[in-house]
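Colleague:
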Amino acid sequence: MSLHTKLVGAAATLVAATAVCAAPTRPGSDPAPTISTTGMTYVALGDSAAAAPLVPYQADPPGCLKSTNDYPSVLARGIGARSFSDVTCSGATTADVTYRAQQTRRGSVAPQIDAIGVDTELITVTIGGNDIGLAGSASKCRRASLSLPACFDDLAATGEDRFSAAIRRQIPVWEDMVDAIRTRAPGARIVLVGYGTYVRPGGCFGRQPINPRDADYFQAKVDELDEAQRALATRKQVDFFDTRPVSVGHDMCAAAEDRYFEGFVLSHEAAPLHPNGMGAAAVANALAQHLATTPTNT
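Residue numbers -22 to -1, 1 to 276, in mature numbering (1 follows the signal peptide of the UniProt record, and there is no 0), belong to the letters of the sequence shown in order.
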């Protein structure tokens, strides 16, 4: 059975099971696999945007703040992966993916790439936000009043934009990462999974304490990062999956029942400025459809 055939069958199953997958699931309590156990071997790499920190329930190792309901886990359950290794870890950078043991508050974890074997068939990667310092900077931009200076005033008022410059510097690093992954698993389908629509234009200051200028600025930087990785994926002949369309209208400003990304003011169990359980399930569902209907670039 070809990889594409496996994915076509699995995608229909995952669409039907999305509501089930979105509900918090304790380890070991999943229903029986919905397709044959001759499914794929799947390895998930990435940072907290993939790991979904503080979304129930915590997976090992505890230092990675990884959820059993992050998008890789929901995807793996839905497609009935024959084997699945989720080595995503909050705080990870590309170095932690490719060669460095990441130091967490609960100890070190091996380089994520070590989870890949020559027989791995599917690899998803969400990485880059920590490389350029975007997540850390955004987390410091909570503003209780519009009379307070916007973060934008410091971040973008010195000439060259620091995040744009960092993205340009990281492009060859991300290219090397793709090469290293392909060397480990020459036959795998590699998918760079982008970051989402965290906040709508102008933000929603009455609901989330973010200056409108900062809301637009940080989303623009997310967009710039995603577009850089899309272009990189084309050059390296791997997939890029854009999660921004999935999350339009489901950003941190959305009503609780529609929200995929949490802001500083939370509506669901999740880390601020990160996906919640509904967001992770939505990405998994859309990604399964992408895999089943879009030919690989490799």
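Idealized CB from N, CA, C, for every residue including glycine.
If distances are taken between C-alpha atoms only, which option among 155, 41 and 189 comes closest to residue 86?
Modeller: Ranking 155, 41 and 189 by Cα distance to residue 86 puts 41 first.
Colleague: Need the endpoints of the beta strand (DSSP E) that residue 167 sits in, please.
Modeller: It spans 167 to 171 - the beta strand (DSSP E) in which residue 167 sits, taken as one unbroken run.
Colleague: Any C-beta of chain D sitting closer than 8 Å to the C-beta of residue 60?
Modeller: Annotation note: the requested chain D is absent from the structure, which comprises a single protein chain.
Colleague: Provide the residue(s) that pair with residue 19 in DSSP beta bridges, ordered along the chain.
Modeller: BP columns for residue 19 point to 61.
Colleague: Any idea what DSSP makes of residue -1, helix, strand or coil?
Modeller: For residue -1, the predicted structure reports a pLDDT of 42, less than 50, and the residue's modelled location is therefore unreliable. A value from the coordinates is still provided. Of the three classes helix, strand and coil, the one that applies to residue -1 here is helix, per DSSP.
Colleague: For residue 231 versus residue 186, is the C-beta distance shorter than 8 Å?
Modeller: Cβ distance < 8 Å, so residue 231 and residue 186 count as in contact.
Colleague: Helix, strand or coil: which one does DSSP assign to residue 190?
Modeller: Correct three-state label for residue 190: helix.
Colleague: Report the three-state DSSP secondary structure of residue 96 (helix, strand or coil).
Modeller: It is coil, neither helix nor strand.
Colleague: Which residues bound the alpha helix (DSSP H) around residue 255?
Modeller: Its alpha helix (DSSP H) spans residues 255 to 271.
Colleague: Buried or exposed, going by whether 16 or more other CB atoms sit within 10 Å of the CB of residue 118?
Modeller: Exposed, since its Cβ has fewer than 16 Cβ neighbours within 10 Å.
Colleague: So the alpha helix (DSSP H) residue 72 belongs to, where does it begin and stop?
Modeller: Start and end: 72 to 76.
Colleague: Which term fits residue 240, buried or exposed, when burial requires 16 or more other beta carbons within 10 angstroms of its beta carbon?
Modeller: With 16 or more Cβ atoms within 10 Å of its Cβ, residue 240 is classed as buried.
Colleague: Residue 167: buried (16+ other C-beta within 10 angstroms of its C-beta) or exposed?
Modeller: So residue 167 ends up on the buried side.
Colleague: Quick check: the Cα distance between residue 234 and residue 259, rounded to an integer number of angstroms?
Modeller: Each residue's Cα considered, the two are about 15 Å apart.
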